[in-house]
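Chemist: The listed protein sequences derive, respectively, from chains D and F. Last residue of the first sequence: 191 (our numbering), numbering continuous. Last residue of the second sequence: 126 (our numbering), numbering continuous. Glycine included, C-beta positions come from ideal geometry on N, C-alpha and C.
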Amino acid sequence: GENVEQHPSTLSVQEGDSAVIKCTYSDSASNYFPWYKQELGKRPQLIIDIRSNVGEKKDQRIAVTLNKTAKHFSLHITETQPEDSAVYFCAASMGGGFKTIFGAGTRLFVKA
Amino acid sequence: EADIYQTPRYLVIGTGKKITLECSQTMGHDKMYWYQQDPGMELHLIHYSYGVNSTEKGDLSSESTVSRIRTEHFPLTLESARPSHTSQYLCASQPQGYGTEAFFGQGTRLTVV
């Protein structure tokens, strides 16, 4: 079955710096890669996603890149702010009746 | 309002008790999940359902059961609660199809004493 590995498990950056979180997946049939943000005491919520027919997608300060050959995808946050502090989860899915598989999460701390 | 609801939000219960955590969604989603999550940590899949009467065990399923008799309802039962079950339990739902978003409930925080 699908396996998603996520690194690093913890990331601490200074406000204004960039943050990068990386994930790898095992099943080449996976074709949808969402990212979820979970703030302290809240539920995970989708922040951005990318489909297998796209290499990069950007939404204001966040961007995702996908390398299908290497089975890697990454989340990039630029000009980080304290409110970006949260746990970020990557995920991979194949659609249909297959379940979405989540990475182990990255705890991002943005220091003011 | 279309959403996914979990009850209770908080539960303190004695060891050995049988408990059922409720999860309902009003979005007509076919896929539903139960996760166990300690604060800020990994989402551990307990059970997954891809439709009525279809369920699949996850990594942590051995001490719990689920049922999916109706599309909107996916309860999780712990037959005999133990202190090691103390955690947060998150329910999620997701439409069938390619590239669909998963929606999470607000969670049930369970403490077994």
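With 8 Å as the threshold, decide whether the Cβ of F/Tyr111 is near any Cβ in chain D.
Modeler: yes
Chemist: Compute the distance between the beta-carbons of D/Ser109 and D/Met173, then report whether it is under 8 Å.
Modeler: yes
Chemist: Report the option in D/Gly120, D/Ser88, D/Trp114 and D/Ser107 whose CA atom is closest to the CA atom of D/His155.
Modeler: When each option's Cα is compared against that of D/His155, the closest is D/Trp114.
Chemist: Listing by chain order, which chain F residues have their CB less than 8 Å from the CB of D/Asp128?
Modeler: Gly112 and Glu114
Chemist: Taking the alpha carbon of F/Lys44 as the reference point, which residue from D/Lys190, D/Ala142, D/Ala191 and D/Thr179 has its own alpha carbon closest?
Modeler: D/Thr179
Chemist: Taking the DSSP output, what are the residues bridged to D/Ala191?
Modeler: Beta-bridge pairing links D/Ala191 to no other residue.
Chemist: Check whether the Cβ atoms of F/Leu58 and F/Gln50 lie closer than 8 Å to each other.
Modeler: No.
Chemist: Could you confirm whether any beta carbon from chain F is found closer than 8 Å to the beta carbon of D/Phe152?
Modeler: no
Chemist: Among the residues of its own chain, which have a CB less than 6 Å from the CB of D/Phe181, if the five just before and after it don't count?
Modeler: Phe168 and Ala170
Chemist: Just the chain F side, please: which residues come within less than 8 Å of D/Asn110 by C-beta, in chain order?
Modeler: Tyr111 and Gly112
Chemist: Can you confirm whether the stretch 82-94 of chain D touches the stretch 132-145 of chain D when touching is taken to mean that 3 or more C-beta pairs between the two stretches lie within less than 8 Å?
Modeler: Under the Cβ criterion (8 Å, minimum of three pairs), the stretch 132-145 of chain D does not count as touching the stretch 82-94 of chain D.
Chemist: Taking the alpha-carbon positions, what's the D/Val92 to D/Glu118 distance?
Modeler: 17 Å
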